[in-house]
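Report on the following structure.
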Amino acid sequence: MEKSVASKEYRILVALLRAARKSRGVTQVELGKRLEEVQSFVSSIEHGQRRIDMVEAWRWCQALGISFAALAASFEEKVSGQLGGGPSSDDGDMVRQDPL
433 MEKSVASKEY RILVALLRAA RKSRGVTQVE LGKRLEEVQS FVSSIEHGQR
483 RIDMVEAWRW CQALGISFAA LAASFEEKVS GQLGGGPSSD DGDMVRQDPL
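Numbers 433 to 532, taken from this note's numbering, label the letters of the sequence shown in order.
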């Protein structure tokens with residue numbers, strides 16, 4: 433099992449997290465404040481320079497007021513589509529119509 437920020441699955445997760453933040457109109461600076469972190473923490477995750485664990489992803493969702501379960505469902509759907517396990521939308525639509 434690849435444990436890299438370069439894995440396809442990790443890139444999908446990061447794209448979903450970034451899309452969720454942007455869809456809420458929240459800047460990296462504002463999200464950092466909500467997480468009690470600096471902007472560079474958010475940036476390093478969004479640019480794949482730092483891995484995020486499940487608890488941090490949950491906190492990210494909480495800070496944006498979105499459902500972690502919806503994020504996980506979007507991730508599952510996208511990964512399944514990318515890896516041949518089901519239908520996939522194009523990369524520009526990383527998050528379904530506001531499921532989070």
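Backbone N, C-alpha and C define an ideal beta-carbon position, used for all residues, glycine too. Since we're looking at a predicted model, the values are computed, not measured.
Go ahead and label residue i buried or exposed: buried means 16 or more other beta carbons lie within 10 angstroms of its beta carbon, across all protein chains shown.
i: residue 461; result: exposed
i: residue 506; result: buried
i: residue 510; result: buried
i: residue 470; result: exposed
i: residue 474; result: buried
i: residue 530; result: For residue 530, the predicted model reports a pLDDT of 46, less than 50, meaning its position is unreliable and no value from the coordinates is stated.
i: residue 526; result: With a pLDDT of 39 at residue 526, under the threshold of 50, the modelled position of this residue cannot be trusted; read the value that follows with caution. The residue in question, residue 526, is buried, as its Cβ has 16 or more Cβ neighbours within 10 Å.
Less than 8 Å between the CB atoms is what I'm expecting for residue i and residue j, so what's the real figure, rounded?
i: residue 466; j: residue 502; result: Not quite, the Cβ-Cβ distance comes to about 18 Å (not below 8 Å), so this is no contact.
i: residue 449; j: residue 489; result: 7 Å
Using a Cβ-Cβ distance under 8 Å, would residue i count as near chain D?
i: residue 441; result: Of the chains in the structure shown, none is chain D; there is only one protein chain.
Give me, in chain order, the residues of the same chain whose beta-carbon lies closer than 7 Å to that of residue i; leave out the 5 immediate sequence neighbours on both sides.
i: residue 446; result: 477, 478 and 480
So, for residue i: in the same chain, excluding its five sequence neighbours on each side, which residues have a beta-carbon less than 8 Å away from its beta-carbon?
i: residue 436; result: 442
i: residue 523; result: With a pLDDT of only 39 at residue 523, under 50, the local geometry of the prediction cannot be trusted, and the value read off the model is given with reservation. Closer than 8 Å at the Cβ level, and outside the excluded window around residue 523, lie 447.
By Cβ distance, which residues of its chain are closer than 6 Å to residue i, with the 5 residues on each side in sequence left out?
i: residue 484; result: 477
Closer than 7 Å: is that where the CB of residue i sits relative to any heavy atom of the ligand SAM?
i: residue 470; result: Summarising the ligand content, the structure contains no ligands, and the ligand SAM is consequently not present.
Query - Complete alpha helix (DSSP H) runs within the region 449-476 (minimum length 4 residues, chain order) - result: Counting whole runs of 4 or more residues, the region 449-476 contains the alpha helix (DSSP H) stretches 460-466.
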